[in-house]
Ligand code: NA
Ligand code: NA
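Structure below.
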């Protein structure tokens, strides 16, 4: 599965980057979503994917019965997902407000602050 | 039983792909939203199969979440349409 | 025996989902597609969950599977209704084979008023609008 | 009264969800159910006439399943075979249901049955507009819908 | 184990949470702003003294032994950074009392400040790479929110770039962290350092180094990754600009220093030339950018970039003296750059504009402000005996010792170019007569209406920081000694690793490899019911 | 102790504003005490120093860097320190009169005192870096002094120019000093002096010397860095008298003299200094007679003198060094005096134009006398000290080892031009008929007369009693030569070649003085040439710098965010490619273990992403990305991460909700990019994506260590009392991450609320941005 | 704009919202042992409020929250989170060390991880609800 996932992750990154490089701010938003997904998936995948049991321990046991998936990347990804969601929410609203002010779905209309 | 599970998974996987076809073809936003809804429903089915395949009942919680929360996306899209959001189909 | 039942339920569920998926691809307009998805897929989930309930045959799991079925039966039609309605009102094109539409004449897109067609006369009076049922 | 029923229901739902059928767990569920209800209390419409009637319910479930399988088969057949046999259209169905809950219940049932889909309710709540797939026999459809509504309402009254 | 390590993080978190909870009470928020910052300063001083005494102060958060839990560790570098952050926080807390409008206060200005600091301090103190990411995000999102406070057009435009480019950096950081865990199976930086040293695939180690370098390079605003900074730093309220200018990019620099010295020392041979030329271009492009500007804050913003180059130069040369000089540059820059922004704010309050053409005459009417600016500006240009001189001297000496003549020459020239911009501001804002078309003349009436107390609150941090840059220069010895300690610690990561992992470091390195590729959970004894 | 006294100078500078508040104009008298006391102390120490006992005052500063505040008083330092204190005392006195009633007097005193203290530090410093610190301090304080009349744009520009040139040179000096420190292994001048090895043979000698010479040349206004000095005449006359004749401009000379024993007497040294000095000398003298502005004229003649001094150091023979010492003292005295005279004329007549003045001898007899006496020394006529200096100089030039003929020609030309210049300054304003001037002239107050008169008298006295000064000058020359040198000085050496040259230059000079107006008119035709001089280069460089800056900003900081992103990504990709493909080629072992439904899920994930940019509908893209998100949730599910799957589903749903709430306001997708841009971006995106794919594969392939999560699994129940290990990690093992994470989400919410609800009125002030 | 509001959706929302909230509490409390936890629960609860917002609008939602602003939830949650780090400090252990206080009467244990998780729950709920609510509010203001 990993080679397939590796390709998939590459595609997610590539599409996200392609979208972020557009002038349209709407595409920028969608690029953000994909980028976050790509990174999360990458962490999940590189840490090793397993079809073993999830990292849960049954009621009557001290340890899992057999192999379980590595819980740490899961916790890390969970944290990353929520962080990405927060950042995304902010970015999305920012873009909406920027659009209200600039009145164009065009990043090129927003270059007054640079020079 | 293993074969049954594999077959069920494969059929559902195929269904996922077909649902995706409608997402791409649209043409209107409601069409796509409905396809997404179908997508999440199929995911629920896959969750059930996965629970059986792995023998881990905890997977069902995923299905509960989808069953209770999944339709919110459709509600969101509907609100978008009702409030006069752009139907750029 | 239980295994067979489980197999039937599982495969039936899966096939129903495939049916819904084929339907959503093949059917000609939004509303007809929604027929395929809402029902077939929901039923498919329900069958799968029954299989799960059978498989674990543990009170907790059965209860949860039944809860899922209940939730699906509650939320799926709501979603269908909301989306179908929104889709209809924003003017999604209906299939050319559609035979009748009793809603359209009772709907006023300006005021968003939706009449029942059964109102007492004085309620329907409106200058310049005189629609007769087909 | 209505609140109590709902509270009980929520408490039971809790027990069912957690799969722990102990008395303490039910108590927990009842407490949380109460809290949640207290939260939405001002918005809850009167749910008069609601009671649990097991036998009717079972009968209704059986009826519903029959309808479900029958209609599903018809839709499946049409989807799988190339020429379209369907004759879709939007019809107005006069309602006997009049409380919010009844209307919602009926509308959902109709939506769940293959071949029919609740589109919207008229402003005066007398008519439910339904999109139907097979209008070749409109009267048969209308009567089966009526029967479904009737049976459903029996559960409430 | 020492609880004091965590206090500098917990305190601003607590202040932030309290400020947020009582968002309706303006008075309480203002009180917490000063009290919280003061408290942070006190605990930071304590931590600094403790670290000075012990070299390293650590805490295993949650009492989980390293490397399994998250480690908080203060070495001299982080202790100094925390101390500086708390100083700047206090200065800006006081300054903000005078400059923050009611609207800003009602929508979270103070909690955002607290949490921005918490993020910075957390980043300085954590010994865990993913935890570092989390603190970076805390800091970043707080800075996002501060950046847009007020929702003016320029803010929005600047914020889009700031957010997008920083997000890109975060994603690269996160990606690198994911790959790191995939490669070595740990998140504790000391542990990572050990395992990377033992890794069979040094190419991958280099890849990680490069990715962290780019990610932190963006955060630090290094060439060619700095574009977000000049696009945005001049847009928010001036106290926010000052805080950003003083602190945020330095967190990136800190991370670069930390990661490259601790984790990737074995790749430094390859990275040094890249860093060296990156540093050179950062210095030059930043200073050139400033030369083309005619607005107070924009000039200062570009200079942030330029100064980052000096810090990177220290890292690139990678000798004890160079590292010490680089860190000295960080310290000096935090003090001076913050102050320059604060001064621009005072000038703006007095004259209603940031445009040099429309300003003037401040040296005669506000000689103390002029003196403060003069000290800070000339310190920025690296003139003696101010703080900037020592940073430059150490770096130049290290550069020449290392034979990096060209880049050292560039560093010297950039000092002159910095002076160009600083003199431009000085001439226009302080020496030139106030132009007639500025109809908010620098009159006491304007000052009066804003409140004498307000102006005094703005002056206080400005004067203290200006004095700071002078005193750092005149009494440089203790600081240079601290910088030397920092350099020693950074270049000998074994001390850090031992402080984190305890005594079993030596045995760990061997056992690490004992069971290669063990799937998780394998070999566990069958669990028994309790 | 001495360190403290220098510190006291800075302290006085800092408190000058306060002193003024308390004492008013009397502050001046108080401050004069500072250099006066210094002078007395220096004189008291002189016998010891002349006897060869150098004084060393040890003090530390930044020992970690090898920097000390050690001071050292030898002959050279003593001479400079005496000049600084004596001239400083008189100039300070003079300034009290010159600036009387000026509201900015306090500021003047602050800068002036700081300058004086810095100058003391500079000439006394033993540490290389300390020397540099004081050197830069003189540049900074002189910037403030030149820009004293800062409301005048010319003053600001002159101040800026002097600052850039001297600080620019300072940078070279710093490099030079650091090279010197590294080459010698010591940061102390005394230690370097006693070094065993010869620095002249060190590999770094040439760059070191070049850097040091550039530093010295800028400070001491040597060609081609001389142009700032005449412009610096925008400063008040006391400043010109002090900084631009007696002290600061000689700092470079001081430095060269200081380094002469260690670095001097090489071909490079001789060539640089004697030629550079010679050219500067002639240029200064020639330019002086082109100006009718008295301060400009004096400034150029100062350049001449500075050139002469440099040239003498370049020649480096004992004779040259003797000439150096005498000429330096003479110049300081007469030039200080003349600048003060110029200030008096300016102050009393209201003009600086010599042509506008005439017949002033009656109105201001003391001034006239002082001017003429000083001018005699300036012209190098007996019996003044200037004569001794010039004779010695000519003698040294004629005996020079390198370029004697060329230098002689230069020196002779400079000499006769100087005589003309001296005559112009001393005679023109005072002789002839009285001319109407903006102000009615009358004699200056005593405080202003004292300085020029005493300095002029000193020139005379030292000239008359020059043989007595021999031991003192010997101490100076010894310090510069690095070995004991006897200095036999006398007014009369008999008729020799230098005297002949002096006499003939006198004749030529007087001739030039008589037809000065005509010559000036002729010389005016040279203006286009002089306008292409170094000052024009300076401005060309500044202009080029600004254009470069603007060009760079246009190109780099161009406002197009996608360019920024592109640059970042290309940087990342290039570095990655270099590391992973070029430097360490990967070898992969691919193992495929995959099931059909997993392929389907992966496919929908990829296709969902790929469809997003292709769809023409923005909401369509949202749905498409939603498919990707759901697929990812499925992948989490299929690979044993139920918590993740739930979170992903919920977040995906909430994301959709947010997007539909927001995109509702946004327009339809627009296609704005050109085909080229799309292809370019596509390539970059594909390369980055491909690299990341590769990295994932490698990371997966080279796993080598047991993950730390093993511990977490083992202890989840027994120590953390939890059975869902992921949750245990979130709330216990790594609760700190979670704590940060909840803050992130909350901060985002605060930001969103603020953005949507806080609307500050756009412009508060009429002139706001 | 099309016809707003739907009896069917509103009724369903009224029924589903309590169920979802209940489910969220359920997820929160048993998260330590089964899938769930503060985040997931908070997101579910926020989803419940989002549903209610979609169905009934901002004012009705504020009405059921009474005096509690979502921002208060954020503050409370964060404060709980930070405070749960402190008990360990008082007993001389590193911050965030879990403290367990068994309550025998109920046969369950109160612990700092639980308090922490509740803090997470409240913060997530508050943050997400605040965002959605504000967006809808502004949306309504601007028509
Ligand atoms: Na290492
Ligand atoms: Na190291």
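Residue numbers (my numbering), protein chains in the order written: chain E, 115 to 229; chain B, 297 to 385; chain P, 464 to 597; chain X, 284 to 440; chain U, 10 to 539; chain D, 2 to 770; chain A, -16 to 126. Positions of the beta carbon are idealized from the N, C-alpha and C atoms, including for glycine. Small disclaimer: the values here were computed from a predicted structure and weren't measured.
Query - Opening and closing residue of the beta strand (DSSP E) in which residue 70 of chain U lies - result: 66 to 70
Query - chain U contact residues for residue 120 of chain A, given Cβ-Cβ distances below 8 Å - result: Within chain U, no residue comes near residue 120 of chain A; the closest Cβ sits about 14 Å away, beyond 8 Å.
Query - Which of helix, strand or coil DSSP assigns to residue 263 of chain U - result: Of the three classes helix, strand and coil, the one that applies to residue 263 of chain U here is helix, per DSSP.
Query raised in the report: For residue 347 of chain D, does the count of other Cβ atoms within 10 angstroms reach 16, so buried, or fall short, so exposed?
Result: buried
Report task. Could you tell me whether any Cβ in chain X is nearer than 7 Å to the Cβ of residue -10 of chain A? Result -> yes
Requested in this report: Check the Cβ-Cβ distances between residue 318 of chain B and every residue of chain P, and say whether any is below 7 Å.
Outcome: Yes, residue 318 of chain B lies at the interface with chain P (some Cβ there is under 7 Å from its Cβ).
Report task. Compute the beta-carbon to beta-carbon distance between residue 589 of chain D and residue 702 of chain D, rounded to the nearest angstrom, for a pair I have assumed lies under 8 Å. Result -> 6 Å
Query raised in the report: Got a sec, what are the start and stop residues for the beta strand (DSSP E) residue 1 of chain D sits in?
Result: Past the boundaries of the shown model lies residue 1 of chain D; chain D is included only from 2 to 770, so the question cannot be answered.
Requested in this report: Select from B:364, B:368, B:356 and B:336 the residue whose C-alpha is nearest the C-alpha of residue 36 of chain A.
Outcome: The shortest C-alpha separation from residue 36 of chain A is found at B:368.
Query - Residues within the segment 601 to 627 of chain D neighbouring chain B, beta-carbon criterion of under 9 Å - result: 601, 602, 604, 605, 608, 609, 612, 615, 616, 617, 618, 619, 620, 621, 623, 624, 625 and 627
Requested in this report: Count the other CB atoms, across all protein chains shown, that sit within 10 Å of the CB of residue 520 of chain U; report buried if there are 16 or more and exposed otherwise.
Outcome: Per-residue confidence for residue 520 of chain U stands at a pLDDT of 47, beneath the threshold of 50, marking its modelled position as unreliable; no derived number is given.
Requested in this report: Taking residue 77 of chain E as the reference, give the member of U:176, U:289, U:102 and U:125 with the closest Cα.
Outcome: Residue coverage of chain E in this structure runs from 115 to 229, which leaves residue 77 of chain E outside it and unanswerable.
Requested in this report: Closer than 7 Å by beta-carbon distance: list the chain B residues that pair up with residue 168 of chain E, in chain order.
Outcome: Neighbours of residue 168 of chain E on chain B, chain order: 352 and 354.
Report task. Report the neighbours of residue 51 of chain A on chain U: residues whose CB is nearer than 8 Å to its CB, in chain order. Result -> Near residue 51 of chain A there are no residues of chain U at all, since even the closest Cβ is about 12 Å away, more than 8 Å.
**Report entry** Buried versus exposed call for residue 452 of chain U [16 or more other C-beta atoms within 10 Å across all chains shown]
**Finding:** Unreliable positioning characterises residue 452 of chain U in this predicted model, as indicated by a pLDDT of 46, which lies under 50. A coordinate reading is not provided.
Query raised in the report: Considering only the beta carbon of each residue, do residue 127 of chain A and residue 19 of chain A sit closer than 7 Å?
Result: One cannot answer for residue 127 of chain A here, as it falls past the ends of chain A, which runs -16 to 126.
Query - Residue closest to residue 475 of chain U, alpha-carbon to alpha-carbon, out of U:245, U:34 and U:395 - result: U:395
Report task. Return the first residue and the last residue of the beta strand (DSSP E) that residue 403 of chain X is part of. Result -> 399 to 404
Query - Best match in U:22, U:70, U:87 and U:29 for proximity to residue 494 of chain U [C-alpha to C-alpha] - result: U:87
Requested in this report: Starting from the C-beta of residue 276 of chain U, find all residues in its chain whose C-beta is less than 7 Å away, skip the five residues before and the five after it, and write them out in chain order.
Outcome: Close CB contacts of residue 276 of chain U within its chain, under the 7 Å cut and outside five residues either way in sequence, are with 214, 215 and 218 (chain order).
**Report entry** Reference residue 563 of chain D; option with closest CA among U:173, U:371 and U:444
**Finding:** U:173
**Report entry** Where residue 13 of chain U sits in the DSSP three-state scheme
**Finding:** helix
Query raised in the report: Do the segment 27 to 41 of chain D and the segment 127 to 140 of chain D make contact, defined as three or more Cβ pairs closer than 8 Å?
Result: no
**Report entry** residue 748 of chain D: contacting residues in chain B (beta-carbon distance under 8 Å)
**Finding:** None at all; the shortest Cβ gap to chain B is about 24 Å.
Requested in this report: Within the same chain, show all residues whose beta-carbon is closer than 6 Å to that of residue 122 of chain D, passing over the 5 residues directly before and after it, in chain order.
Outcome: 7 and 135
Query raised in the report: So what's residue 517 of chain D in DSSP terms, helix, strand or just coil?
Result: Correct three-state label for residue 517 of chain D: helix.
Query raised in the report: With 7 Å set as the bound, which would you pick, yes or no: does the beta-carbon of residue 46 of chain U sit closer than that to a beta-carbon of chain A?
Result: no
Query raised in the report: Does the segment 260 to 278 of chain U come close enough to the segment 105 to 118 of chain U that 3 or more CB-CB pairs lie under 8 Å?
Result: no
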